[in-house]
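As structure tokens, the structure follows; a few thoughts come after it.
Numbering (the numbering used here), first residue to last: 1200 to 1463.
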């Protein structure tokens, strides 16, 4: 399997960290120079950032992030390898990472993407694994959760993504994994559990982070008024109760279950 790590030229510390992580598991990777938001012209940003955003207008850093992932898809689309692992440069690897990531022979035949990272958010997965590798199961992923820190993509899927993203208006992770966003979702998406990778932001509290976020301060979010905040807080208990009820019903009467993807 080809392994690509997205890394800004100025992020030497992150690159050193990734070399240490992968070498500890006997894995080698190819560095992909990330697109630097500081060097993007207004014309370049406007050429890609088109359409009506489903969330918010992309910040310059998020445009650069999307373009960096597209660079990886270009490499994956032309690779001799059938599968490519695309990584951001703030990952920590878990047990059996070397065995899991050495080859993509275990990838489901009908899948274009398998997420191999964990997150703090709950998501909806199938109850029964469709494949197994080194004590890790591969489960159908039925609900998005944020993050594009580590995922395996097939060569054919990479070609599809390139054709669909000559312009874009949403963050890369939302485009890839949020099924409410119009996009390429003709292929099943899978989740490896336990995950063998996790981004620093999900592994350590903010006070303990050493690598930080390259996008910090570059995200554009909607500002909430005092009334919006009050309404949101008032609705929170009802949303939580609805989530509990939905989770119980789903677990009892469907082939899916709500889980927080573990990292091991």
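C-beta atoms are modelled at their ideal positions from N, C-alpha and C, and glycine is treated no differently.
Which residues DSSP lists as bridging residue i, in chain order
i, result
"residue 1282", "1353"
"residue 1336", "1331, 1392"
"residue 1460", "In the DSSP output, where bridge partners are listed per residue, residue 1460 has none listed."
"residue 1201", "1283"
"residue 1230", "1204"
"residue 1398", "1290"
"residue 1376", "Its beta-bridge partners do not exist; DSSP assigns none."
"residue 1221", "DSSP output for residue 1221 lists no bridge partner at all."
Cut-off 6 Å between Cβ atoms - residues of its own chain near residue i, not counting five sequence neighbours on either side
i, result
"residue 1506", "Limits of the chain in this structure are 1200 at one end and 1463 at the other, which puts residue 1506 out of reach."
"residue 1298", "1333"
"residue 1266", "1234"
"residue 1344", "1318, 1320, 1322"
"residue 1311", "1353, 1356, 1386"
"residue 1271", "1203, 1231, 1285"
"residue 1264", "1371"
Cutoff 8 Å; reference residue i; Cβ partners in own chain excluding five residues on either side
i, result
"residue 1227", "1202, 1221"
"residue 1206", "1213, 1214, 1217, 1230, 1231, 1232, 1233, 1288"
"residue 1454", "1325, 1326, 1327"
"residue 1309", "1386, 1387"
"residue 1224", "1292, 1296, 1297, 1300"
"residue 1307", "1313, 1329, 1330, 1337, 1387, 1389"
Backbone CA spacing between residue i and residue j [nearest angstrom]
i, j, result
"residue 1409", "residue 1211", "13 Å"
"residue 1330", "residue 1241", "45 Å"
"residue 1323", "residue 1333", "23 Å"
"residue 1378", "residue 1399", "25 Å"
"residue 1282", "residue 1237", "31 Å"
"residue 1268", "residue 1208", "15 Å"
"residue 1295", "residue 1200", "15 Å"
"residue 1262", "residue 1338", "30 Å"
"residue 1462", "residue 1290", "12 Å"
"residue 1397", "residue 1292", "7 Å"
"residue 1251", "residue 1315", "30 Å"
"residue 1304", "residue 1313", "12 Å"
"residue 1341", "residue 1243", "34 Å"
"residue 1459", "residue 1390", "11 Å"
"residue 1375", "residue 1280", "21 Å"
"residue 1274", "residue 1407", "34 Å"
"residue 1403", "residue 1373", "23 Å"
"residue 1219", "residue 1395", "15 Å"
Own chain residues within Cβ distance below 7 Å of residue i, not counting five before or after
i, result
"residue 1276", "1354, 1357, 1358, 1361"
"residue 1401", "1317, 1318, 1319"
"residue 1167", "What the structure shows of the chain is the stretch from 1200 to 1463, and residue 1167 is not part of that stretch, so it cannot be assessed."
"residue 1302", "1200"
"residue 1440", "Because the pLDDT at residue 1440 is just 38, under 50, the model does not fix this residue reliably, and the point stays unresolved."
"residue 1239", "1259, 1262, 1263"
Residue i Cβ short of 7 Å to the ligand FAD heavy atom set
i, result
"residue 1309", "The ligand content of the structure shown is nil, which means the ligand FAD is not present either."
In chain order, which beta strand (DSSP E) runs of at least 3 residues are fully inside the stretch 1240 to 1328? 1282 to 1287, 1290 to 1292, 1312 to 1314, 1321 to 1325
If we count Cβ pairs, one from each stretch, closer than 8 Å, do we get three or more for the stretch 1306 to 1320 versus the stretch 1246 to 1261? no
Any contact of the stretch 1344 to 1359 with the stretch 1231 to 1239, i.e. 3+ C-beta pairs under 8 Å? no
Would you say the stretch 1251 to 1265 touches the stretch 1368 to 1376, given that touching needs at least three Cβ pairs under 8 Å? yes
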